[in-house]
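K.L.:
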Amino acid sequence: MSKLDNLCGQCTFVFSQEGLQQLFTSHGVRHSKVVTFESRPNCPLCSYLWNKNFVGSSNQPQSIRRLRDFIAPETYLSRPRSFQQAAQGWVVLQAPESHYAKWEHLSLRVESEAGRLLWQTHHPLRVIASKAGPYADLTRLRPLEWNGLTTEWAAALRSLISECENSQKLHNYCELQYSTPLPTRVLRIIGYERPVPRVSLHVTPEEGQVGRYAALSYCWGGPQEVSLTRENLYDLQRGPLDSASLPQTFKDAILTTQMLGLEYLWIDALCIIQNDPVDKAREITRMCSIYENSIVTIVAATASSVRDGFLKPVSIFNERYPSCEIQVSLEGNNPSTLTFTPLHTHHTDDFPINKRGWTFQEASIPPRLLVFGDLEPFFRCRSGDVVTVSKTCIRYDRMSRMKPRRLVNRHVKIDGRSINDIEDSLSSIWPEVVEEYTSRDLSFAEDRPLAAGGVIDFLSGIFHDKCYFGVWASCPIACLLWQKTYSGRESVAIPGLPTWSWMSITGQVDLYHMILLGNHNGEANVEFDEDPSHQRIFLTCCVVREEDVREARDVTEFHPDHSEMESRGMIAVAAAASDDGGFQDLFLLVLTKTTDRKLLAVIATHEGSNTYRRWGLMEIKNPDRWLSNPKRKVVLQ
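As structure tokens, this is what we get:
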């Protein structure tokens, strides 16, 4: 290996044949002392380690992010005393794996003359080489190369889908999807022109038709300039759509579908008659099957509106955490580039698609998602939370801010497995579903129950359960113990929905009591109204006057449902709830006892005829005192 690109003598040795062999040992290569790196500004690697943040997006608090921080830290933190000795120590480079074909990381540490560890990075540097270069066999990490849906990229994405369908070893929770029932209407690709293939509106015969289709998940971004209506339905059925007039996200979705080798594409704005309430209501109830039967759902994650498109990267990689490129050559080979870069923990919670309420079910139900993110497309399925075309230095952080979390990944009945084989229970999944869903925005608050309908239908089929406005028949007490999250956003009531449901208010909702209680029946009995509207529930429980509990000073926590309760206090709310403007008594409907011997009760106003209206949740102590009251059967609406 020859010296290139002005590498210093120490770095030249590290990347020599002898140096590489030593690098892959347990003791690594002693490069030089920390204080000497400043004296080699012309060596690209030494200068990088001395000046640049090579720790990257670590969530660990670190005072040292570059070697010169041992001498003169840039942060407001003073240099710890323990680093004074480390500044005179040796910088050691080491490859953590035992042979070249698995080289991905370059670890750095500082040790004393005697070999005692003085400091080390929490995350090592990533080592990247081009797949066409001589170092392709040294490291499996490749540069980020997404620059649009080329023929090569389309082939790679098709391979991911094929592997997901056919590899039982790697995708043991996924299964091959043969042709499935087509939705009522789909777009059919009838030409291969560029830049956009020709499509027509295909209406599925009443006797049914099967096929393999993609679905699109995207942000509308306001009223649609192009949509299916009663007025243009006939014309769109007769002839091909004017593809050139479609918004860019639709164009990109059509091109992606064609390059994935699929014939049909479902887009809600073009496949549901938008000004026909009957058609709209019917198709919304079919959302679960539409997404579940799709071969793949294409996710336009970064597009804020239908006009934006999604086939071009919208972020610049490595802008915050710089990389270091060096040129070296193996004996007999032309010079090639090795790139060293910090770990890039990538979050997706800021994607526009993850802020909209309707798109939650579009990410939770489909067996496969092809997500076009800000840096590259990636694949999600029931066996893999994130699968990329090639391994890069990017780590998608699924444990914290990888959105949306695939909460129902492995909860599908496959190969005859019974419900007992499912890893998580409904009581562990549902609180996370509600928290994630209610944190999103809806253009129309009254859509709150509708936009979650697909997920509810999906879980109903898995757990063989019924759900009434977000309350499950198998664990009603736990579901009724929801409370508003104090996120700084105003929470208001949504007309026309039962007050006992979390769907009746805007803003984020917490159901953490459900995780603790599961399907525990508590101290009350719940019956659901047999009326088709299911607006009422019947509670057999202890009914306590709120005033009595306050006088006994037994209130420990109070969680109002609405913002007006927070700002005006309980008495003002009680007065506002009264039809004549006078004071109205508040009651507590006791639901259950907690593990620390507290009672959880719904705060309610008496509406007459043994009927109550929910206003919040309260925790009270001294349960024996209040459970001595006789139980009554009341109506909560």
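The numbers in our numbering rise by one with no breaks, and the one at position 283 of the sequence shown is 283. All residues carry an ideal CB built from backbone N, CA and C; glycine is no exception. This structure is a prediction, so every number in the text was calculated from the model and none was measured.
(1) Compute the distance between the beta-carbons of Arg597 and Thr605, then report whether it is under 8 angstroms.
(2) Using the DSSP secondary-structure output, state which residues sit across from Asp510 in a beta bridge.
(3) Report the three-state DSSP secondary structure of Pro124 (helix, strand or coil).
(4) Please report how far the alpha carbon of Asn42 lies from the alpha carbon of Ser107, in whole angstroms.
(5) According to DSSP, what are the bridge partners of Leu93?
(6) Buried or exposed: Arg489, going by 16 or more other Cβ atoms within 10 Å of its Cβ?
(7) Do you know how far the Cα of Thr285 is from the Cα of Lys466?
(8) Report yes or no: do the segment 292-311 and the segment 243-253 share at least 3 C-beta pairs separated by less than 8 angstroms?
(9) Just how far apart, CA to CA, sit Asp421 and Pro124?
(10) Spatial neighbours of Tyr264 within its chain, please: CB distance less than 8 angstroms, with the 5 preceding and 5 following residues excluded, ordered by chain position.
(11) With distances taken between CB atoms, is the gap from Ser217 to Ile353 smaller than 8 angstroms?
(12) Are there three or more Cβ pairs, one per stretch, closer than 8 angstroms when the segment 385-394 is compared with the segment 461-476?
(13) Could you check where the beta strand (DSSP E) with Phe379 kicks off and where it finishes?
(14) Are the segment 333-349 and the segment 124-139 touching, with three or more C-beta to C-beta distances below 8 angstroms?
(15) Contact between the segment 265-275 and the segment 429-436 is defined here as three or more beta-carbon pairs at a separation below 8 angstroms; is this criterion met?
(16) May I ask you to verify whether the segment 509-525 touches the segment 544-551, counting CB pairs closer than 8 angstroms and requiring at least 3?
(17) Beta carbon of Ile326, beta carbon of Leu20: below 8 angstroms?
(18) Taking the straight line between their C-alpha atoms, what separation do you get for Glu523 and Thr592?
(19) To the nearest angstrom, report how far apart Asn232 and Asn275 are at their CA atoms.
(20) Which runs of the alpha helix (DSSP H) spanning at least 4 residues fall entirely within the segment 210-257, listed in chain order?
(21) State yes or no: is the beta carbon of Leu141 nearer than 8 angstroms to at least one beta carbon in chain C?
(22) May I have the straight-line CA-CA distance separating Asn51 from Gln17, to the nearest angstrom?
(23) What does DSSP give as the partner residues of Gly522 in its beta bridges?
(24) According to DSSP, is Glu527 part of a helix, a strand, or is it coil?
(25) Quick one: Cα of Ile477 to Cα of Val526, how far?
(26) Could you check the C-alpha separation between Val641 and Pro143 for me, to the nearest Å?
(27) Which residue or residues does DSSP assign as beta-bridge partners of Gly454?
(28) Along the alpha helix (DSSP H) that carries Gln168, what are the first and last residues, could you check?
(29) Taking the continuous beta strand (DSSP E) assigned at Lys593, which residues delimit it?
(30) Would you check if the segment 442-457 and the segment 343-359 touch, i.e. whether three or more CB-CB distances between them fall below 8 angstroms?
(31) Taking only the alpha-carbon atoms, compute the straight-line gap between Val543 and Asn629 and give it to the nearest angstrom.
(32) So for Ala493, helix, strand or coil by DSSP?
(33) Beta-carbon separation of His559 and Ala493 under 8 angstroms?
(34) Per the contact definition of three or more C-beta pairs closer than 8 angstroms, is the segment 228-247 in contact with the segment 191-210?
P.N.:
Taking the coordinates as given:
(1) As a position in the sequence shown, residue 597 is number 597, starting the count at 1. As a position in the sequence shown, residue 605 is number 605, starting the count at 1. No, they are not a contact pair.
(2) Locating residue 510 in the sequence shown gives position 510, where the first residue counts as 1. For Asp510, which the question treats as bridged, DSSP gives the partners Gln483.
(3) Position 124 of the sequence shown, counting from 1, holds the residue named residue 124. Under the three-state reduction of DSSP output, Pro124 falls in the coil class, being neither helix nor strand.
(4) In the sequence shown, the residue the question calls residue 42 occupies position 42. In the sequence shown, the residue the question calls residue 107 occupies position 107. Going by the C-alpha atoms only, they are around 22 angstroms apart.
(5) For this step, residue 93 is matched to residue 93 along the sequence shown. DSSP output for Leu93 lists Val29, Leu108 as bridge partner(s).
(6) Taking the sequence shown and counting its residues from 1, one reaches residue 489 at position 489. Looking at its Cβ environment, which holds fewer than 16 other Cβ atoms inside 10 Å, Arg489 is exposed.
(7) Along the sequence shown, one-based indexing puts residue 466 at 466. Along the sequence shown, one-based indexing puts residue 285 at 285. Taking the straight line from one Cα to the other gives about 15 angstroms.
(8) yes
(9) Reading the sequence shown from its first residue, position 421 is the one you call residue 421. Reading the sequence shown from its first residue, position 124 is the one you call residue 124. Legend: pLDDT at Asp421 = 40, less than 50; position of this residue unreliable, no value from coordinates given.
(10) Within the sequence shown, numbered from 1, the residue matching residue 264 stands at position 264. So the list reads Leu182, Val186, Leu187, Arg188, Ile189, His202, Gly211, Arg212, Tyr213, Ala214, Thr257, once near-sequence residues are dropped.
(11) Locating residue 217 in the sequence shown gives position 217, where the first residue counts as 1. Locating residue 353 in the sequence shown gives position 353, where the first residue counts as 1. Cβ atoms of Ser217 and Ile353: closer than 8 angstroms.
(12) Too few Cβ pairs lie closer than 8 angstroms, so no.
(13) One-based indexing of the sequence shown puts residue 379 at position 379. 377-381 is the span of the beta strand (DSSP E), which, as asked, contains Phe379.
(14) yes
(15) no
(16) no
(17) Locating residue 326 in the sequence shown gives position 326, where the first residue counts as 1. Locating residue 20 in the sequence shown gives position 20, where the first residue counts as 1. Contact flag unset, no.
(18) Position 523 of the sequence shown, counting from 1, holds the residue named residue 523. Position 592 of the sequence shown, counting from 1, holds the residue named residue 592. Approximately 5 angstroms between the Cα atoms of the pair.
(19) Taking the first residue of the sequence shown as position 1, residue 232 is located at position 232. Taking the first residue of the sequence shown as position 1, residue 275 is located at position 275. Spanning the two alpha carbons is a distance of roughly 11 angstroms.
(20) Look at the segment 210-257 and you find these whole runs of alpha helix (DSSP H), each 4 residues long or longer: 233-238.
(21) The structure shown contains no chain C, having only a single protein chain.
(22) Numbered from its first residue, the sequence shown carries residue 51 at position 51. Numbered from its first residue, the sequence shown carries residue 17 at position 17. One C-alpha to the other measures close to 28 angstroms.
(23) For the purposes of this step, residue 522 is identified with residue 522 of the sequence shown, where counting begins at 1. None, per the DSSP bridge assignment.
(24) In the sequence shown, the residue the question calls residue 527 occupies position 527. It is a strand residue.
(25) Taking the first residue of the sequence shown as 1, we reach residue 477 at position 477. Taking the first residue of the sequence shown as 1, we reach residue 526 at position 526. For Ile477 and Val526, the distance between alpha carbons rounds to 7 angstroms.
(26) Lying outside 1 to 637, the shown extent of the chain, residue 641 is not represented and no answer is given.
(27) To locate residue 454, count along the sequence shown from 1; it is residue 454. Bridge partners of Gly454: none, in fact.
(28) Your numbering for residue 168 matches position 168 in the sequence shown. Unbroken run through Gln168: none, as it is neither H nor E.
(29) Start at 1 with the first residue of the sequence shown, and residue 593 comes out as number 593. Start and end: 586-593.
(30) yes
(31) Within the sequence shown, the letter at position 543 stands for residue 543. Within the sequence shown, the letter at position 629 stands for residue 629. Going by the C-alpha atoms only, they are around 7 angstroms apart.
(32) Taking the first residue of the sequence shown as position 1, residue 493 is located at position 493. The answer is strand: DSSP assigns Ala493 an E or B state.
(33) The residue labelled residue 559 in the question sits at position 559 within the sequence shown. The residue labelled residue 493 in the question sits at position 493 within the sequence shown. For His559 and Ala493, no; Cβs fall outside 8 angstroms.
(34) yes
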